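The structure appears right after this line, and notes come after that.
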Amino acid sequence: MIHGKGPLLSVDVGQRTTDEENIDDTLQSFIGGRGVGTKLGHERIPFDADPFGPENRLIFTTGPLQTSTMSFTGRMNCTGLSPLTDGLLSSNAGGFMSRPFADTGYAGVEITGESDDLVGVHVRDDGVTFEAVDDLEGATVDEVIEYIDEEHDLEDSNTAIVGPAGENEVRFASIITSEHRAFGRGGLGAVLGAKGVKFLTFDGDSRPEIELDEEVTEAIHQEAATSDSPMKDAGTVSVSSYANAVEAIPTKYFEELSYDKMEDIGSSAVIDHKYKKGTCSSCAFACKLPTKDEETGFTTEGPEYETVMAFGSNALVDDFVDIMKANDKCDELGMDTISCGDTISAYLAANDEFGNEELMLDLVEKIAYREEEGDLLAEGIDRIHDELGVENWTMKGMEFSAHDGRTLNGQGLSFATSNRGADHMYAEMYNLEYPLVSPNEALPKEGVDGKSETLIEHENLNAVKDSGVLCKFSFSNMGEERYEALFQTDYEHLLDVGARIVELERHFHNERGKDRADDEALPYEIEGLEDELTNYYDLRGWNEDGTVPAANVRGSEAAGD
Numbered sequence: 000m001i002h003g004k005g006p007l008l009s010v011d012v013g014q015r016t017t018d019e020e021n022i023d024d025t026l027q028s029f030i031g032g033r034g035v036g037t038k039l040g041h042e043r044i045p046f047d048a049d050p051f052g053p054e055n056r057l058i059f060t061t062g063p064l065q066t067s068t069m070s071f072t073g074r075m076n077c078t079g080l081s082p083l084t085d086g087l088l089s090s091n092a093g094g095f096m097s098r099p100f101a102d103t104g105y106a107g108v109e110i111t112g113e114s115d116d117l118v119g120v121h122v123r124d125d126g127v128t129f130e131a132v133d134d135l136e137g138a139t140v141d142e143v144i145e146y147i148d149e150e151h152d153l154e155d156s157n158t159a160i161v162g163p164a165g166e167n168e169v170r171f172a173s174i175i176t177s178e179h180r181a182f183g184r185g186g187l188g189a190v191l192g193a194k195g196v197k198f199l200t201f202d203g204d205s206r207p208e209i210e211l212d213e214e215v216t217e218a219i220h221q222e223a224a225t226s227d228s229p230m231k232d233a234g235t236v237s238v239s240s241y242a243n244a245v246e247a248i249p250t251k252y253f254e255e256l257s258y259d260k261m262e263d264i265g266s267s268a269v270i271d272h273k274y275k276k277g278t279c280s281s282c283a284f285a286c287k288l289p290t291k292d293e294e295t296g297f298t299t300e301g302p303e304y305e306t307v308m309a310f311g312s313n314a315l316v317d318d319f320v321d322i323m324k325a326n327d328k329c330d331e332l333g334m335d336t337i338s339c340g341d342t343i344s345a346y347l348a349a350n351d352e353f354g355n356e357e358l359m360l361d362l363v364e365k366i367a368y369r370e371e372e373g374d375l376l377a378e379g380i381d382r383i384h385d386e387l388g389v390e391n392w393t394m395k396g397m398e399f400s401a402h403d404g405r406t407l408n409g410q411g412l413s414f415a416t417s418n419r420g421a422d423h424m425y426a427e428m429y430n431l432e433y434p435l436v437s438p439n440e441a442l443p444k445e446g447v448d449g450k451s452e453t454l455i456e457h458e459n460l461n462a463v464k465d466s467g468v469l470c471k472f473s474f475s476n477m478g479e480e481r482y483e484a485l486f487q488t489d490y491e492h493l494l495d496v497g498a499r500i501v502e503l504e505r506h507f508h509n510e511r512g513k514d515r516a517d518d519e520a521l522p523y524e525i526e527g528l529e530d531e532l533t534n535y536y537d538l539r540g541w542n543e544d545g546t547v548p549a550a551n552v553r554g555s556e557a558a559g560d
């Protein structure tokens, strides 16, 4: 099995010290990316840690595929204890940072401790330097990019930055790279901000050499280039019309499941405003969305489908340019668009202000700076819904993405079992239930009975993709034989690796008091959910209360020793 190469670099930003450690055994057993981040996080973050405390760690990891130039590999992973979900969480970002990171020669870079002063950390293959950057306090992402360019002659692709939201510990603050790409979900930007780190840069000339099957990588690259996927025109928003038609898009703060103004903000609006191609590093699929408002000249990247839901249908906002602006503000200030948009939609619901675009945009700013009502909203829906007087539309503390589980019941089951909370990318069951796959792979939308076996395979396989690191949108180019050829091992072994990653995440959460009750806490009912959860636990070899047996954990840990 291919795996990442290189040591782990630990950077204590409080002590201004660094240390290198051999992690070859972990790499061999967990590939890289999310797998290695999860294994190291499970070992090194105390089970009782405070997400904002110095004992929490942020572990940036790349994978073996980032040493190639294959399409769908312009991504990397970050793992830490989430201040939003209170669990071990991995977030995945695209863009162009993964190659400069690989050039440092490190398989992982771990940020520990806590700095009293605002600091920038420069990681190179020949050493680490710390830079006092108190003058950047409160700076936006673009301002930091400009500073790094002028002072260090490095591009935005070399950077991982927190905006004001991260400094102010907004619980859904993101880490921004490549200007508009984000380690978005789960609030890891707030963790970096709590450590007093404004930015990280990565650079070097020590990318490891990993032998991949060139025939396979070239075939995938060519298929990406010649694909006629609608995502090349409208990105993830290409699903909007269909999701609306089958009533699977949250609307009016989850009160409804379709939006009568979707044509104004969906795929046709994206196509009308897209003015050039956008992509991630080395990828010929080019599904990103540089957009422009011709009337004002305003440009940004996006919005993607989830952002259209959160700031559009869920807020009852039907002006696509206002959604573009909300998306851009989140990137500039460093926040997850899904959690931010949903939280603002909750506020609009509480104050009978649906459709108020001016208020929506104002609240984005106030949240990032924790000003006035923004200080409350910065805590996220789970912690404030009672005060707002609205229903708690979160799962395990995380605000819901689109692809609604009330219509797509297997996706609802996935939201229940996901260690990350209400994140559609953890297993992507929605692909099977719209369906966006071939008829022989499709599942009926209704019901959850018997869907656990498929769900487990998808959870495990996505953990492997996140360890590779391989973009989820590569699914149409893959199959069991191709996975085997790409990762140079048999498919069942890959699923076993994925299962161990999922299990270590789950055990960490068990140690923090989370169990079956958290899986059953969906804000809506799905017939048969409790029985299917029991089936899910049984198939995974877990206890009926949703906890992982100690023997399983010892097995997962030993596999990485």
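Residue numbering for the sequence shown follows numbering that gives the first Met the number 0, starting at 0 and increasing by one per position. For each residue, glycine too, the CB sits at the ideal point set by N, CA and C. Bear in mind the structure is a predicted one, so any value in this text is a computation, not a measurement.
- Leaving aside the five residues that flank N459 on each side, the residues in its chain whose CB is nearer than 7 Å to its CB run, in chain order, L494, G497, A498, V501.
- For the set D321, I525, V190, the Cα lying nearest the Cα of A268 is the one of D321.
- Counted as a single uninterrupted DSSP element, the stretch harbouring V122 is not any alpha helix (DSSP H) but the beta strand (DSSP E) occupying residues 118-123.
- Here DSSP, grouped into helix, strand and coil, assigns P289 to strand.
- Our two residues, M96 and L407, have alpha carbons roughly 34 Å apart in a direct line.
- Here the alpha carbons of E113 and L7 stand approximately 19 Å from one another.
- When DSSP states are grouped into helix, strand and coil, V169 belongs to the coil group.
- For T16, the uninterrupted beta strand (DSSP E) segment begins and ends at 16-20.
- In this structure, V169 keeps its C-beta atom at 9 Å or more from the C-beta atom of R382.
- Minimum Cα-Cα distance from G137 among the listed residues I110, E166, Y146 corresponds to E166.
- Per the C-alpha coordinates, the member of E305, Y535, F46 positioned closest to S239 is E305.
- For R511, there is no enclosing alpha helix (DSSP H), as DSSP gives it neither H nor E.
- Here I337 carries a helix assignment [DSSP, helix/strand/coil].
- Under the rule that a run must span 4 or more residues, the alpha helix (DSSP H) segments found entirely inside the region 27-82 read 32-43.
- Non-local C-beta neighbours of L485 in its own chain, meaning closer than 6 Å and more than five positions away in sequence, comprise V215, ordered along the chain.
- With respect to G94, R180 sits close: the two C-beta atoms are nearer than 9 Å.
- Comparing alpha-carbon positions, the option among S451, Y482, E452, N476 lying closest to S466 turns out to be Y482.
- Selection D374, E130, E42, T68 evaluated against F284 yields T68 as nearest (Cα-Cα).
- Between I337 and F414, the C-beta gap is not smaller than 9 Å, which leaves the two residues out of contact.
- Residue state for A106 is assigned as coil, using DSSP reduced to three classes.
- For I174, the three-state secondary structure derived from DSSP is strand.
- N542 carries a coil assignment under DSSP once its states are collapsed to helix, strand and coil.
- In this structure Q410 is buried. Its beta-carbon is surrounded by 16 or more other beta-carbon atoms within 10 angstroms.
- N91 has N76 as its beta-bridge partners, per DSSP.
- In this structure, the beta-carbon distance from G340 to A309 falls below 9 Å.
- One alpha carbon belongs to G512, the other to G86, and they sit about 10 Å apart.
- Between N243 and M230, the C-beta spacing is not below 9 Å.
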